[in-house]
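Asks:
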Amino acid sequence: MLQFSTRSLGGDSELIFTLTLQERTRKEATALCSFTGICSEKRAVMDPEVSLLLHCAHWRGLLKSQVQVELSESYNRRTDPALERQIDEVWTERLSKEPWLFNGAKFRLHSFCLASPKPSHRSCPSCVPSLESAEDQDEQKLEDCTAQKGSYISNGCVVCTGNAECVTDHEASVLLHASSACDCRDFKSPAAERLSHPGRLLTLRLGLTCYKDYLGTNWSRGVAELRQRGEAEFGDGLALLAQPLGVGAVLCTQDAQVVFIRRSQKVAEAGGLLDIPGGHPEPKVVCESLGQSVKEDQISVVMMHQRPDAVVSELFCSVCAEIRDEVNVPMSALGEPVLMGVALNHTSAGRPSAEFFVSCSLTSDDVRKLYWKGGAEANESTDVVFLSRTEALLLNRSSPLWSELCPSAKGAVLLYQMVKPDAAPAAN
Numbered sequence: 004m005l006q007f008s009t010r011s012l013g014g015d016s017e018l019i020f021t022l023t024l025q026e027r028t029r030k031e032a033t034a035l036c037s038f039t040g041i042c043s044e045k046r047a048v049m050d051p052e053v054s055l056l057l058h059c060a061h062w063r064g065l066l067k068s069q070v071q072v073e074l075s076e077s078y079n080r081r082t083d084p085a086l087e088r089q090i091d092e093v094w095t096e097r098l099s100k101e102p103w104l105f106n107g108a109k110f111r112l113h114s115f116c117l118a119s120p121k122p123s124h125r126s127c128p129s130c131v132p133s134l135e136s137a138e139d140q141d142e143q144k145l146e147d148c149t150a151q152k153g154s155y156i157s158n159g160c161v162v163c164t165g166n167a168e169c170v171t172d173h174e175a176s177v178l179l180h181a182s183s184a185c186d187c188r189d190f191k192s193p194a195a196e197r198l199s200h201p202g203r204l205l206t207l208r209l210g211l212t213c214y215k216d217y218l219g220t221n222w223s224r225g226v227a228e229l230r231q232r233g234e235a236e237f238g239d240g241l242a243l244l245a246q247p248l249g250v251g252a253v254l255c256t257q258d259a260q261v262v263f264i265r266r267s268q269k270v271a272e273a274g275g276l277l278d279i280p281g282g283h284p285e286p287k288v289v290c291e292s293l294g295q296s297v298k299e300d301q302i303s304v305v306m307m308h309q310r311p312d313a314v315v316s317e318l319f320c321s322v323c324a325e326i327r328d329e330v331n332v333p334m335s336a337l338g339e340p341v342l343m344g345v346a347l348n349h350t351s352a353g354r355p356s357a358e359f360f361v362s363c364s365l366t367s368d369d370v371r372k373l374y375w376k377g378g379a380e381a382n383e384s385t386d387v388v389f390l391s392r393t394e395a396l397l398l399n400r401s402s403p404l405w406s407e408l409c410p411s412a413k414g415a416v417l418l419y420q421m422v423k424p425d426a427a428p429a430a431n
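Residue numbers (the working numbering): 4 to 431.
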């Protein structure tokens with residue numbers, strides 16, 4: 004199981020990877036890009052506001068049936084009385100300026116397990132790159148370390164046979180460079196690629212948090228200190244942060260136009276910038292679907308523990324609901340969401356967002372007309388903007404439009420370019 008904690012990454016299949024990535028710093032973003040398969044040229048222009056935690060390019064994205072969740076209170080944020088007082092103070096201050104703010108429960112991404120793709124041909128295991136001098140020495144140290152800890156390197160990945168916490172931050176950085184070695188893949192149509200792997204491929208490990216905790220930790224002026232404390236006290240720089248899991252959608256119309264919306268200046272984050280439709284999966288919706296009427300501050304992991312499938316359904320359904328509410332496109336016009344991966348927003352201390360591809364049976368003209376009629380959350384944006392699929396695939400940091408994108412949109416675009424969930428089959 005490839006194991007990252009927003010701290011870890013993990014999954015089970017032919018190979019089992021174990022990796023610990025405790026900090027989502029900008030320095031580590033370069034190593035992470037190497038792991039996710041971005042070429043060196045693209046890494047050179049990677050935006051410091053965003054990085055990719057996980058991509059599902061091997062499968063052209065994942066369907067709901069290929070994702071599961073593991074719920075536990077142990078995946079909640081670590082805390083203490085002093086920190087809680089600080090969070091309360093931040094919340095009180097924000098409410099005095101923005102009395103419309105609402106404290107809702109959110110899911111917290113602690114870690115996840117991702118199945119390892121099978122090598123496409125026998126030469127794959129020998130595809131580990133030769134690293135430059137010092138890195139060669141680092142890789143040898145990694146091999147020595149993993150051998151001592153009951154694991155070994157195969158196909159550029161650590162295969163763990165014992166201790167699940169067997170790789171340090173620095174070792175993870177070295178490993179990330181090694182793991183992008185093999186770019187081989189069977190080129191099938193997106194649907195065929197996904198359907199050829201019918202089992203569960205991704206496990207999300209989720210706890211609970213809330214919007215108040217998010218503002219008081221990820222958006223705190225003292226977030227750097229919280230990271231240092233988390234590292235010193237728990238061995239995890241993100242242990243004290245809320246890390247709520249968001250969702251976003253690359254919505255593509257019938258005439259191959261990708262939909263962006265311009266955020267209102269009145270929203271809490273990234274006002275005036277271009278975004279994709281998105282929001283958060285809601286624990287309260289899950290509880291209500293299970294017949295439990297409960298207030299936001301009464302929601303607990305125990306209430307959902309017996310039905311993790313309901314959480315997966317909310318994760319996938321919530322992104323369609325956000326499209327409906329923000330763009331005013333009926334859910335009947337939307338295709339099944341395809342999970343492309345998870346991006347990290349470094350303007351809010353590495354907050355994670357699951358990014359989906361969603362097809363739409365309507366044309367861009369149809370969508371534009373519906374948008375201007377206004378949806379349930381029409382006040383959150385001021386305009387709708389369309390970019391052709393070709394333009395979206397070529398968009399990068401040197402493009403004039405890039406600076407107009409908010410971090411969540413940048414992460415989604417990067418995943419769309421990498422995963423290509425709607426790509427035509429390549430010729431043999």
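We put the beta carbon where it would ideally sit given N, CA and C, even for glycine.
What is the DSSP secondary structure of Glu73, reduced to helix, strand or coil?
Replies: strand
Asks: Buried or exposed for Gly414, please, with buried defined as at least 16 other CB atoms from any protein chain shown within 10 angstroms of its CB.
Replies: buried
Asks: Judging by CA-CA distance, which residue of Leu243, Glu87 and Asp258 is the nearest neighbour of Thr366?
Replies: Of Leu243, Glu87 and Asp258, the residue nearest in Cα terms is Asp258.
Asks: From Asn382 to Ala118, what distance separates their C-alpha atoms?
Replies: 40 Å
Asks: Looking at Ala108 and Leu211, is the spacing between their C-beta atoms short of 8 Å?
Replies: yes
Asks: Excluding sequence positions up to five away, which residues of its chain have a Cβ less than 6 Å from the Cβ of Met421?
Replies: His58 and Ala60
Asks: Could you tell me which of Phe319, Ser267 and Val322 sits nearest to Thr385, measuring between CA atoms?
Replies: Ser267
Asks: Determine, using beta carbons only, whether Leu65 and Val341 come nearer to each other than 8 Å.
Replies: yes
Asks: Please tell me whether Leu318 and Ala357 are closer than 8 Å, where the distance is taken between their beta carbons.
Replies: yes
Asks: For the beta strand (DSSP E) that Pro355 lies in, which residues bound it at each end?
Replies: Segment Arg354 to Ser362, the beta strand (DSSP E) holding Pro355.
Asks: Label His349 either buried or exposed according to how many other C-beta atoms from any shown protein chain fall within 10 Å of its C-beta, with 16 as the threshold for buried.
Replies: So His349 ends up on the buried side.
Asks: Taking only three categories from DSSP, how would you classify Cys95?
Replies: Looking at the sequence provided, one finds Thr at residue 95 rather than Cys. Correct three-state label for Thr95: helix.
Asks: Taking the straight line between their C-alpha atoms, what separation do you get for Leu112 and Ile264?
Replies: 26 Å
Asks: Run through DSSP, which three-state label would Gly377 get?
Replies: coil
Asks: Tell me the rounded alpha-carbon separation between Tyr419 and Asp50.
Replies: When the Cα atoms are used, Tyr419 and Asp50 turn out to be separated by approximately 16 Å.
Asks: If I follow the unbroken alpha helix (DSSP H) through Val297, where does it start and stop?
Replies: Where Val297 is concerned, there is no enclosing alpha helix (DSSP H), given that its DSSP letter is neither H nor E.
Asks: Quick one: residues in its chain with C-beta nearer than 7 Å to the C-beta of Glu236, no 5 flanking neighbours on either side, listed in chain order?
Replies: none
Asks: Quick one: any contact between the stretch 310 to 330 and the stretch 250 to 257, if contact means 3 or more CB pairs under 8 Å?
Replies: yes
Asks: From the DSSP secondary-structure annotation, give me the bridge partner or partners of Gly281.
Replies: Gly251
Asks: Using the DSSP secondary-structure output, state which residues sit across from Asp386 in a beta bridge.
Replies: Arg265
Asks: Three or more C-beta pairs under 8 Å: does that hold for the stretch 395 to 407 against the stretch 281 to 300?
Replies: no
Asks: Can you list, in chain order, the residues of its chain with a C-beta nearer than 8 Å to that of Asn82? Leave out the 5 residues immediately preceding and following it.
Replies: The residue you asked about is not Asn; residue 82 is Thr in the sequence shown. Counting only Cβ-Cβ distances below 8 Å, and skipping sequence neighbours, we find Leu243.
Asks: What residues are listed by DSSP as bridge partners for Phe110?
Replies: Leu211
Asks: Who are the near neighbours of Glu76 in its chain, counting only those whose CB is closer than 7 Å to its CB and skipping five residues on each side?
Replies: Gly210 and Val304
Asks: How many angstroms separate the CA atom of Arg88 from the CA atom of Ala427?
Replies: 54 Å
Asks: Apart from the five residues just before and just after Pro410, which ones in its own chain have a Cβ nearer than 6 Å to its Cβ?
Replies: Glu52, Val53, Asn348 and Thr350
Asks: Output the distance between the C-alpha atoms of Leu293 and His308, rounded to the nearest integer angstrom.
Replies: 11 Å
Asks: Once DSSP output is grouped into helix, strand and coil, what is the label at Gln260?
Replies: strand
Asks: Tell me the rounded alpha-carbon separation between Val330 and Leu404.
Replies: Rounded to whole angstroms, Val330 to Leu404 spans 21 Å at the Cα level.
Asks: Secondary structure at Ala219, three-state DSSP: helix, strand or coil?
Replies: Note that residue 219 is Gly in the sequence shown here, rather than Ala. Residue state, collapsed to three classes: helix.
Asks: Anyone know if the C-beta pair for Leu204 and Trp62 falls short of 8 Å?
Replies: yes
Asks: Alpha carbons only, please: which of Gln295, Gln301 and Glu299 is nearest the one belonging to Arg310?
Replies: Gln295
Asks: Would you tell me roughly how many angstroms separate the C-alpha atoms of Val226 and Cys255, rounded to the nearest one?
Replies: About 36 Å.
Asks: What would DSSP say about Met49, mapped onto helix, strand or coil?
Replies: DSSP places Met49 in the coil class of the three-state scheme, outside both helix and strand.
Asks: Measure the CB-CB distance between Ala346 and Leu417 and report whether it falls below 8 Å.
Replies: Cβ atoms of Ala346 and Leu417: closer than 8 Å.
Asks: Looking at the structure shown, is Pro424 part of a helix, part of a strand, or coil, going by DSSP?
Replies: coil
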